[in-house]
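The working numbering numbers the first residue of the sequence shown as 1 and each following residue consecutively.
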Amino acid sequence: MTISTNRKPPTQHFTALYIYLAISIVVLISMIIISFLWNYFNERDQILLLAKKEALTNFNKDIALRYWATEHGGVYVPASAQTPPNPYLSHVQERDIITPSDRKLTLMNPAYMIRQVMEGYEKLYGVKGRITSLKYLNPKNAPDSWEQQALADFEKGVKEVFEITNISGKPHLRLIRPLITKEGCLKCHRHQGYQVGDVRGGIGVSVPLSSYYEIEQEAIYRIIGYHVIFGFFGIFAIILIALQSKKRIIARKKAEEEVYKINSELEQRVKERTIELEKENTERKQAEELVRKSEKKFKDFIMSGTDGFAFYDSKLNLIDINAKGLESFPTGTDREMILGKNILDLNPNLTGTERYRKYLEVMKTGESLVMNEVFLGSAFGDRYITVKCFRVGDGLGFIFTDITESKQAEIQIKADLKEKETLLNEIHHRVKNNMSVISSLLKLQMNNLDNKIAKEALQDSQNRVESMAMVHETLYRSDTLSAIDLKTYLSELGRNVFKNYLISHTVKFKVVAENIMVSVKQASPVGLIVNELIANCLKYAFTDDREGEILLELKSNNETEVELTIADNGTGLPDSFDLKNADSLGLKLVKLLTENQLGGSIEMESKNGTKFTIKFNIES
């Protein structure tokens, strides 16, 4: 290792330094000029952009007001000196009306209203709005020369005219857009021959630019100041850097002298390091041999594994596969036949599939993928496998696990369950039919009796049988055979009780219920309870054909507790009535079913009618 001794004289270094100094100052000044010009023109653009935004804001305000007025056909306001009846609307019916309180109102059409708003806004804020047309009704809306040209452009399809012009010797930004005829406009302008969609005129706005130019002037002065300061400090920095460079040139000369001294030391160190590297190289080769042996053991493990393994390179060409992995290919596939082939050539059915897209996503993100129950067709022996896909280097690795036996067992279990569900469904249907037969027999017997008490007893028995039959009917029609939706069941049950007692329309039935699922064991006693309570309301709460309402309310107070309420606004129960000592068979049945069958509680309240509240817990 040697170091060159060809060094430039210090004077040559200094000459180059002075040239670099001059070039740097010229470049700096050029950058300052370019920056100033860019900021100057950008500031002008920004000022104009702000002015246009103000114009658009006022334009959109005027358009919104006009659309609102057009939508409502104008507005009626008190007639006054400021707002006299519009002489140009004399053809409009009901232009002037008198209120019941003798107030005189006149119709302000959209143009009339907007013009007043624009005039008021101009006085307050200086921004002037205009509505104009080539076929104007009011001479005040006659266009000036600039507006005439804009209206002519609108007829040619132009959507907006935007320009800076002088108004009364002062600069203004003027913006005008076409005014399209809508259905509401025809109320006042139909006689002019306009149709919906025609360009009827223009609506514009003029924004004074004096204040914006003042802001622009201030910004330009500020930009000039910034650039002068930047130039001063820039030149100062360049000179300072040049002085530092001169010091470094002097210092480098001294450093070069030190290099010669260090050079010999470096050469000695290189020799010593070479010896060390040779030793490290020997140790590395020994480590590589150990890794090679370890990789061989791992490969032997993979190739003899009970699960299938397959590895693909970055282009998804097969680079290795074990004997078990070959079973994921058609019977008789030879390992050497498929090595090196692309995954799409080995399985053409993957092309364009979601499964193939997921493989590419694994290779991209490195996130492993597991696909359960992948079916292999008849060519593979109608087998099911689990596929685990993971990134290996810049390629993909696959693990295939045969789950055919477990999947076939699962399919058989599902078939057995389906058969049992069909049988159970048929049982519910037959039980419901048998109970319906019993209900019909009770009804026939009831129709052959003249004794009112006996007929009511049979009616009650029939309703109880039907309430139990509806449990099996609900199960037969539902998707599940293990639980019943109380809301659906009780709503239908209540309507059925009303039908059996032939109640007139004067008594209403109202249901306020949540969807609550309970077992058949609980649904039957709940149905009997609701049947008895609604029947009692219909028989005793509304005498003499009085009007009323029966409310069925069902809600859950928490995850397990159900609250059922049956309430009426009928005559109520006597003050002396005691639920615990009730001699009615129906109420005794309600109490026994609540406490013994449901394990719940029952409360009664007789105020402005009768209210029964039953609470019980859902069985898990």
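Cβ atoms here follow ideal geometry from the backbone N, Cα and C, with glycine treated the same way.
Predicted model, so just to flag it, every value in this text is computed and none were measured.
So, using beta-carbon positions, are residue i and residue j closer together than 8 Å?
| i | j | result |
| --- | --- | --- |
| D485 | N515 | yes |
| I338 | L346 | yes |
| V199 | A51 | no |
| H227 | F41 | no |
| K358 | L369 | yes |
| S48 | P78 | Checking the displayed sequence, the identity of residue 48 turns out to be Leu instead of Ser. Cβ atoms of L48 and P78: not closer than 8 Å. |
| E553 | T565 | yes |
| L134 | Y88 | no |
| I403 | I529 | no |
| I25 | I235 | yes |
| I534 | V507 | no |
| T132 | G201 | yes |
| E43 | I167 | no |
| L173 | I203 | no |
| S584 | T594 | no |
| N569 | G609 | yes |
| F400 | G325 | yes |
| I29 | G231 | yes |
| L493 | A513 | no |
With DSSP run on the structure shown, which of helix, strand or coil describes residue i?
| i | result |
| --- | --- |
| L538 | helix |
| H172 | strand |
| V77 | strand |
| I203 | strand |
| N617 | strand |
| E278 | helix |
| L417 | Residue confidence is low: L417 scores 49 on pLDDT, short of 50, so the model does not pin down where it sits. Its coordinate-derived value is still stated next. Note: L417 maps to helix in three-state DSSP. |
| V621 | An answer regarding residue 621 cannot be provided, because it is not within the stretch 1 to 620 covered by the chain. |
| P143 | coil |
| I516 | coil |
| T333 | coil |
| L424 | Because L424 sits at a pLDDT of 45, beneath the cut-off of 50, its placement in the model cannot be relied upon, and the following sentence gives the value as read from the coordinates. Three-state result, L424: helix. |
| T404 | helix |
| Y136 | coil |
| T543 | helix |
| G308 | strand |
| Y359 | helix |
| V228 | helix |
| Y88 | helix |
| E367 | coil |
| K315 | coil |
| V259 | helix |
| V27 | helix |
| E163 | strand |
| V387 | strand |
| V158 | coil |
| D45 | helix |
| L179 | strand |
| L396 | strand |
| R252 | helix |
In chain order, what residues of the same chain lie with their CB nearer than 8 Å to the CB of residue i, ignoring the 5 residues before and after it?
| i | result |
| --- | --- |
| L587 | E532, N536, L579 |
| V518 | A483, I484, L486, V526, V562, I618, E619 |
| F311 | L318, I319, D320, I321, V392, G395, L396, G397, F398 |
| P171 | I164, T165, P208, L209, S210, Y213 |
| G340 | N317, L318, I319 |
| K246 | F14, L17 |
| E155 | V199 |
| H191 | H91 |
Excluding sequence positions up to five away, which residues of its chain have a Cβ less than 7 Å from the Cβ of residue i?
| i | result |
| --- | --- |
| N372 | T386 |
| L21 | I238, A242 |
Which same chain residues, not among the five before or five after residue i, have their C-beta less than 6 Å away from its C-beta?
| i | result |
| --- | --- |
| K128 | E122, S206 |
| A605 | Note that residue 605 is Glu in the sequence shown, not Ala. Hits under 6 Å: K611. |
| M118 | G129 |
| L551 | K510, A567 |
| Y194 | T181, R200 |
Answer yes or no: the CB of residue i versus the heavy atoms of the ligand FAD, is any distance below 7 Å?
| i | result |
| --- | --- |
| A535 | This structure simply doesn't include the ligand FAD, nor any ligand for that matter. |
Inset, instruction - With a floor of 3 residues, list each beta strand (DSSP E) that falls wholly inside the region 93-129, ordered by position along the chain. - result: Counting whole runs of 3 or more residues, the region 93-129 contains the beta strand (DSSP E) stretches 96-98, 104-108.
Legend entry - Complete beta strand (DSSP E) runs within the region 546-607 (minimum length 3 residues, chain order): Here the runs fully enclosed are 548-556, 561-568, 601-606.
Inset, instruction - Flag this pair as touching only if the region 50-65 and the region 93-100 have three or more C-beta atom pairs under 8 Å; answer yes or no. - result: By the C-beta criterion, the region 50-65 is judged not to be in contact with the region 93-100, since fewer than 3 inter-stretch pairs fall below 8 Å.
Inset, instruction - Could you say if the region 144-151 and the region 108-117 meet the contact criterion of at least three C-beta pairs nearer than 8 Å? - result: Segments in contact, no.
Inset, instruction - Would you check if the region 208-228 and the region 174-187 touch, i.e. whether three or more CB-CB distances between them fall below 8 Å? - result: No: fewer than three Cβ pairs fall under 8 Å.
Inset, instruction - Spell out a yes or no on whether the region 247-256 and the region 62-76 are touching, meaning 3 or more CB-CB pairs, one atom from each, closer than 8 Å. - result: The region 247-256 vs the region 62-76: no contact.
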